[in-house]
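**Student:** This is the structure, below, for whatever I ask next.
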Amino acid sequence: MDIFGSVGSAAAANLLTPAILFFVLGMVAGLLRSDLAIPEQVAKTLALYLMLCIGFKGGVEAHRAGLSSELLASGALGLALSFLTPFAAFALLRVISKLDRTTAAAVAAHYGSVSVVTFAAASEYLRGIGVEFSGHMAAVLALMETPAILAALLIVGGNASQGAHNPRRGALLREVLLNGAAVLLVGSFVIGAITGERGYDRLEMFVNPLFQGVLCLFLLDMGLVASRQLAMSPNLQFNLLAYALTWPLLAAAIATIASAQIGLSAGDTTLMAVLAASASYIAAPAAMRIALPRADAGVYLSLSLAITFPFNLLIGIPLYQAAADFMVR
Amino acid sequence: MNLVTRKKLEIFVEAHALSHVERMLLNEGVKGWSVFDGVEGAGAHGAWRQSAVDGGGDMRLIIAVTNEPAAQKALAWLKDYFSDYRGLVCLSDVQVLRPERF
Numbered sequence: 001m002d003i004f005g006s007v008g009s010a011a012a013a014n015l016l017t018p019a020i021l022f023f024v025l026g027m028v029a030g031l032l033r034s035d036l037a038i039p040e041q042v043a044k045t046l047a048l049y050l051m052l053c054i055g056f057k058g059g060v061e062a063h064r065a066g067l068s069s070e071l072l073a074s075g076a077l078g079l080a081l082s083f084l085t086p087f088a089a090f091a092l093l094r095v096i097s098k099l100d101r102t103t104a105a106a107v108a109a110h111y112g113s114v115s116v117v118t119f120a121a122a123s124e125y126l127r128g129i130g131v132e133f134s135g136h137m138a139a140v141l142a143l144m145e146t147p148a149i150l151a152a153l154l155i156v157g158g159n160a161s162q163g164a165h166n167p168r169r170g171a172l173l174r175e176v177l178l179n180g181a182a183v184l185l186v187g188s189f190v191i192g193a194i195t196g197e198r199g200y201d202r203l204e205m206f207v208n209p210l211f212q213g214v215l216c217l218f219l220l221d222m223g224l225v226a227s228r229q230l231a232m233s234p235n236l237q238f239n240l241l242a243y244a245l246t247w248p249l250l251a252a253a254i255a256t257i258a259s260a261q262i263g264l265s266a267g268d269t270t271l272m273a274v275l276a277a278s279a280s281y282i283a284a285p286a287a288m289r290i291a292l293p294r295a296d297a298g299v300y301l302s303l304s305l306a307i308t309f310p311f312n313l314l315i316g317i318p319l320y321q322a323a324a325d326f327m328v329r
Numbered sequence: 001m002n003l004v005t006r007k008k009l010e011i012f013v014e015a016h017a018l019s020h021v022e023r024m025l026l027n028e029g030v031k032g033w034s035v036f037d038g039v040e041g042a043g044a045h046g047a048w049r050q051s052a053v054d055g056g057g058d059m060r061l062i063i064a065v066t067n068e069p070a071a072q073k074a075l076a077w078l079k080d081y082f083s084d085y086r087g088l089v090c091l092s093d094v095q096v097l098r099p100e101r102f
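Dropping the structure here:
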């Protein structure tokens with residue numbers, strides 16, 4: 001079968017997994033204005049559970065594998081992608097759209113940063129098709145959350161200081177380095193790396209059997225949130241829509257080539273591509289609201305949450321896996 | 001009944017700014033306030049809704065009853081703050097029973 005045929009069948013198989021179908025259910029329910037809703041505190045708890053599992057299992061697997069050169073190379077590549085891609089994204093946005101400098105920088109930060117749920121869905125997809133990947137990719141995920149935010153601040157530079165309260169440096173530093181998602185992800189990874197097999201034996205019944213179900217429930221909520229965001233942004237420029245659909249492909253291609261060059265496995269290359277292609281909708285919006293309050297939150301949230309997230313989830317993940325398989329084979 | 005006029009501040013801010021604004025209220029002499037969760041709404045910055053994603057986008061309502069000088073100082077601070085950040089403040093007269101508390 002040619003590569004297009006295999007991508008097509010992989011994409012079709014991906015679409016028929018429970019997690020993806022629950023996401024679609026959430027989107028459809030949202031678009032039809034159903035009163036289906038996941039209480040906010042429940043959704044926050046589900047998000048915490050997912051981050052704990054991803055971090056902890058990644059830490060345990062890193063403990064098994066030990067400190068390897070591959071881990072260091074993956075981390076360095078992740079940091080470089082997260083820090084450097086926003087500069088290219090910003091330049092592209094300024095050329096193709098009428099976004100002001102501040103909003104373009106904020107959008108670029110979102111696309112340099114990463115989506116934990118896209119990573120979780122990609123991990124489950126790889127497990128489902130029997131492709132192995134390294135546990136330390138969870139650490140790469142954590143590493144890639146912040147550099148893009150710093151890059152956006154560098155891009156905007158002096159223009160960030162618009163008033164006496166902006167930027168609120170203490171709050172920003174706390175948000176960037178100590179936001180709940182980052183603390184739990186890194187903390188769980190460290191706990192997993194310290195406790196290894198012994199810790200895994202104790203938590204296995206918590207982090208494994210429930211994971212798929214919780215992911216389904218969280219993706220249902222994400223579908224509802226994405227459809228609401230889509231409904232709130234009817235005037236999105238065509239150029240921005242095109243950006244939200246093509247930038248992930250470009251970023252994934254760069255990450256795939258770079259990962260293959262440094263010798264990562266097909267599974268790790270896929271996850272690196274997924275991380276590069278994904279856009280943040282938790283850490284980056286929180287930091288941008290503090291650092292660049294005049295950036296249009298409606299634009300960056302709509303693009304990352306309502307366009308790029310569904311695209312990556314439905315089509316991107318199998319596509320990046322097929323490309324990684326082709327490159328690394 | 002002996003009622004005395006005081007000022008009520010209703011301050012609506014993003015969740016990330018809550019501690020920042022509370023510190024200001026304390027510094028400007030406001031003796032007490034209560035904080036409430038915002039559920040959803042719409043305004044100059046478009047529609048918003050409480051959500052597990054979009055960290056920091058949630059809104060909080062702070063209600064404080066205080067004396068005139070403290071209210072004016074808080075207003076001056078908030079005028080500057082809202083030149084950058086989302087939110088609003090309303091000031092109104094209220095009648096209170098125990099004025100020494102405010």
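Residue numbers (our numbering), protein chains in the order written: chain A, 1 to 329; chain B, 1 to 102. Just so you know, even glycine gets a beta-carbon here, dropped at the ideal spot from N, CA and C. All figures in this text were calculated on a predicted structure; none of them were measured in a lab.
Under 7 Å, Cβ to Cβ, is there at least one residue of chain A near Ala47(B)?
**Tutor:** As a first step, residue 47(B) must be located in the second sequence, where it is residue number 47. Chain A contact via Cβ: present.
**Student:** Using the rule of at least 16 other Cβ atoms within 10 Å of the residue's Cβ for burial, across every protein chain shown, is Ser123(A) buried or exposed?
**Tutor:** As a position in the first sequence, residue 123(A) is number 123, starting the count at 1. Classification of Ser123(A): buried, given that the 10 Å Cβ count is 16 or more.
**Student:** So is Leu75(B) in contact with chain A if we call contact Cβ pairs under 7 Å?
**Tutor:** The count along the second sequence starts at 1 and reaches residue 75(B) at position 75. No - not a single Cβ of chain A is within 7 Å of the one on Leu75(B).
**Student:** Mark Leu173(A) as exposed unless 16 or more other C-beta atoms lie within 10 angstroms of its C-beta, in which case mark it buried.
**Tutor:** Numbered from 1 along the first sequence, position 173 holds the residue referred to as residue 173(A). So Leu173(A) counts as exposed.
**Student:** Kindly list the residues whose CB is nearer than 6 Å to the CB of Asp58(B), restricted to its own chain and excluding five residues on each side of it in sequence; keep chain order.
**Tutor:** Indexing the second sequence from 1 puts residue 58(B) at position 58. Answer for Asp58(B): Ala15, Gln50, listed in chain order.
**Student:** Using the beta-carbon count (16 or more within 10 Å), is Val60(A) buried or exposed?
**Tutor:** Start at 1 with the first residue of the first sequence, and residue 60(A) comes out as number 60. That one is buried.
**Student:** Quick check on Phe36(B): does DSSP put it in helix, strand or coil?
**Tutor:** Within the second sequence, the letter at position 36 stands for residue 36(B). In the three-state reduction of the DSSP assignment, Phe36(B) falls in the strand class.
**Student:** To the nearest angstrom, how far is the alpha carbon of Leu178(A) from that of Pro285(A)?
**Tutor:** Stepping through the first sequence from its first residue, residue 178(A) is reached at position 178. Stepping through the first sequence from its first residue, residue 285(A) is reached at position 285. Each residue's alpha carbon lies about 14 Å from the other.
**Student:** Using a Cβ-Cβ distance under 7 Å, would Phe211(A) count as near chain B?
**Tutor:** Mapped onto the first sequence, residue 211(A) falls at position 211. So, not an interface residue.
**Student:** Using CA atoms only, rank isn't needed, just tell me which of Gly5(A), Ala306(A), Ala295(A) is closest to Val156(A).
**Tutor:** Within the first sequence, residue 156(A) is the residue found at index 156, counting from 1. For Val156(A), the nearest C-alpha among the options comes from Ala295(A).
**Student:** Can you tell me whether DSSP reads Asp35(A) as helix, strand or coil?
**Tutor:** Indexing the first sequence from 1 puts residue 35(A) at position 35. Residue state, collapsed to three classes: coil.
**Student:** So if DSSP puts Asp221(A) in a beta bridge, which residue, or which two residues, is it bridged to?
**Tutor:** By one-based count along the first sequence, residue 221(A) stands at place 221. In the DSSP output, where bridge partners are listed per residue, Asp221(A) has none listed.
**Student:** Taking DSSP as the reference, what is the three-state secondary structure of Ala244(A)?
**Tutor:** Counting from one through the first sequence, the residue named residue 244(A) turns up at place 244. Looking at Ala244(A) - three-state DSSP - the assignment turns out to be helix.
**Student:** Which bits of chain E does Gln50(B) rub up against, with CB to CB less than 8 Å?
**Tutor:** The chain labelled as chain E is not found among the protein chains of the depicted structure, namely A and B.
**Student:** Would you say Pro293(A) faces chain B, with C-beta separation under 7 Å as the test?
**Tutor:** Locating residue 293(A) in the first sequence gives position 293, where the first residue counts as 1. Interface residue, yes.
**Student:** Quick one: does Tyr125(A) have its CB under 7 Å from some CB of chain B?
**Tutor:** As a first step, residue 125(A) must be located in the first sequence, where it is residue number 125. Chain B contact via Cβ: absent.
**Student:** Straight-line CA distance for Thr85(A) to Tyr111(A)?
**Tutor:** The count along the first sequence starts at 1 and reaches residue 85(A) at position 85. The count along the first sequence starts at 1 and reaches residue 111(A) at position 111. Rounded to the nearest angstrom, the two C-alpha atoms are 8 Å apart.
**Student:** Compare the C-beta of Val113(B) with all C-beta atoms of chain A and state if any pair is closer than 7 Å.
**Tutor:** For chain B, the structure presents residues 1 to 102; residue 113(B) sits outside this window and is missing.
**Student:** List the DSSP bridge partners of Met59(B).
**Tutor:** Residue numbering aside, residue 59(B) sits at position 59 when the second sequence is read from its first letter. BP columns for Met59(B) point to Glu14(B).
**Student:** Do Ala121(A) and Ala19(A) count as a contact pair if the criterion is CB distance below 7 Å?
**Tutor:** By one-based count along the first sequence, residue 19(A) stands at place 19. By one-based count along the first sequence, residue 121(A) stands at place 121. Cβ atoms of Ala19(A) and Ala121(A): closer than 7 Å.
**Student:** Could you spell out the range, first to last residue, of the beta strand (DSSP E) harbouring Gly46(B)?
**Tutor:** Taking the first residue of the second sequence as 1, we reach residue 46(B) at position 46. From DSSP, the beta strand (DSSP E) with Gly46(B) extends over 46 to 49.
**Student:** So which residues on chain A does Glu14(B) lean against when the C-beta distance must stay under 7 Å?
**Tutor:** Sequence index remark: in the second sequence, residue 14(B) carries index 14 (1-based). By Cβ distance, chain A contributes Arg289.
**Student:** Comparing C-alpha positions only, which one of Leu126(A), Leu150(A), Glu40(A), Val140(A) sits nearest to Val190(A)?
**Tutor:** Start at 1 with the first residue of the first sequence, and residue 190(A) comes out as number 190. Considering only Leu126(A), Leu150(A), Glu40(A), Val140(A), the residue with the shortest C-alpha distance to Val190(A) is Val140(A).
**Student:** So for Val65(B), helix, strand or coil by DSSP?
**Tutor:** Walking along the second sequence from the start, residue 65(B) turns up at place 65. Val65(B) falls in the strand class under three-state DSSP.
**Student:** Is it true that the CB of Leu150(A) sits closer than 7 Å to the CB of Gly78(A)?
**Tutor:** Taking the first residue of the first sequence as position 1, residue 78(A) is located at position 78. Taking the first residue of the first sequence as position 1, residue 150(A) is located at position 150. Going by C-beta atoms, Gly78(A) is not nearer than 7 Å to Leu150(A).
**Student:** Which word fits Glu204(A), buried or exposed, when buried means at least 16 other C-beta atoms lie within 10 angstroms of its C-beta?
**Tutor:** Stepping through the first sequence from its first residue, residue 204(A) is reached at position 204. Per the 10 Å Cβ criterion, exposed.
**Student:** Does Pro318(A) pass the burial test, meaning 16 or more other C-beta atoms within 10 Å, or should it be called exposed?
**Tutor:** As a position in the first sequence, residue 318(A) is number 318, starting the count at 1. Buried, by the Cβ-count rule.
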